[in-house]
Structures are given as C-alpha cells and as structure tokens.
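Chemist: One structure follows; several queries about it will come next.
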Amino acid sequence: MSQNLSDLPDVSTLSYEQARDELVEVVRQLEAGSTSLEDALTLWERGEALAARCQSWLDNARARLDAARAPADGQTSPPADQRGTAAARPDHDPAAEREAALDDAAAALPEEESA
Numbered sequence: 001m002s003q004n005l006s007d008l009p010d011v012s013t014l015s016y017e018q019a020r021d022e023l024v025e026v027v028r029q030l031e032a033g034s035t036s037l038e039d040a041l042t043l044w045e046r047g048e049a050l051a052a053r054c055q056s057w058l059d060n061a062r063a064r065l066d067a068a069r070a071p072a073d074g075q076t077s078p079p080a081d082q083r084g085t086a087a088a089r090p091d092h093d094p095a096a097e098r099e100a101a102l103d104d105a106a107a108a109l110p111e112e113e114s115a
C-alpha cells in the first residue's frame with residue numbers, strides 16, 4: 001500500500017472533495033490488484049467510510065437546497081423524511097449506494113493504456 005491508513009486523516013474531518021478524491025484513489029488501488037488481501041480489506045473499509053462521508057455531504061447539501069427553496073410565504077415544506085429522500089424510501093439500501101459510489105469513482109478514473 002502506498003500509504004499507511006493510520007497516517008490518513010479521520011474521514012469525518014474531510015470535505016466532500018477530499019473524501020471523493022481519496023475514494024477515487026482507493027478504488028484505483030483496489031482495481032490494480034497488487035495489494036495483499038489484508039491491505040485490500042483495509043482499503044475496502046476505508047472506501048466504505050469515504051463513500052458514506054460523501055453521501056453525508058450530499059444529503060446535507062440537499063437539505064440546505066431544500067431549505068433555500070422553501071416557500072417565502074411562511075408555509076413550511078414537509079419534513080425531509082416525507083419528501084422522498086433516500087432515508088424515507090423503504091427500498092433505501094446504504095450499502096448499495098456506497099457500492100454505486102465506488103463504481104462511480106472507478107468510472108471517473110482515466111482509462112489505462114494498453115502496452
């Protein structure tokens with residue numbers, strides 16, 4: 001592994017962009033397949049935490065946008081859990097969302113050139 005994970009900052013302190021960029025790097029390392037099984041598991045766990053952090057940032061951004069769009073005439077919009085957000089959907093699967101985030105991060109990586 002290129003860097004000891006204990007040297008990395010706590011995921012909860014990362015901005016969205018920092019978490020996303022690190023997630024892309026984690027996916028790159030996992031896809032390279034050159035790590036030991038133990039390192040791959042550690043990377044996977046870090047990736048899961050990073051994906052959850054990104055999702056938290058996105059959820060908070062969505063809530064801020066909803067609040068900014070709230071009617072100016074004093075009417076209140078329904079609580080977030082009644083507006084169809086991910087948390088309110090019975091089919092909400094955080095693990096699947098994290099997996100999709102990992103897939104998206106992998107798709108964002110540049111294609112490797114064939115030798």
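Numbering (this note's numbering), first residue to last: 1 to 115.
We treat Cβ as the ideally placed atom computed from N, Cα and C, and that holds for glycine.
Just checking, does the region 47-58 make contact with the region 4-15 on the three C-beta pairs under 8 Å criterion?
Modeler: In short, these stretches touch, since the Cβ pair count reaches three.
Chemist: Is GLY47 helix, strand or coil when you go by DSSP?
Modeler: Reduced to three states, the DSSP call for GLY47 is helix.
Chemist: Taking ASP21 as the reference, which of ALA96, ARG53 and ALA68 has the closest Cα?
Modeler: Per the Cα distances, ARG53.
Chemist: From TYR16 to VAL26, what distance separates their C-alpha atoms?
Modeler: Each residue's alpha carbon lies about 15 Å from the other.
Chemist: Rounded to the nearest angstrom, how far is the Cβ of LEU23 from that of LEU43, given a contact under 8 Å?
Modeler: At roughly 10 Å, the Cβ-Cβ gap does not stay under 8 Å, so LEU23 and LEU43 are not in contact.
Chemist: If I'm right that GLN55 touches ALA96 with Cβ under 8 Å, what's the distance once you round it to whole angstroms?
Modeler: Going by Cβ atoms, the distance from GLN55 to ALA96 rounds to 11 Å, so no, they are not a contact pair.
Chemist: With a 10 Å radius around its C-beta and 16 neighbouring C-beta atoms as the bar for buried, classify ARG64 as buried or exposed.
Modeler: Classification for ARG64: exposed.
Chemist: By the DSSP assignment, the alpha helix (DSSP H) with ASP21 in it spans what residues?
Modeler: Looking at the DSSP string, the run of the alpha helix (DSSP H) that includes ASP21 is 16-32.
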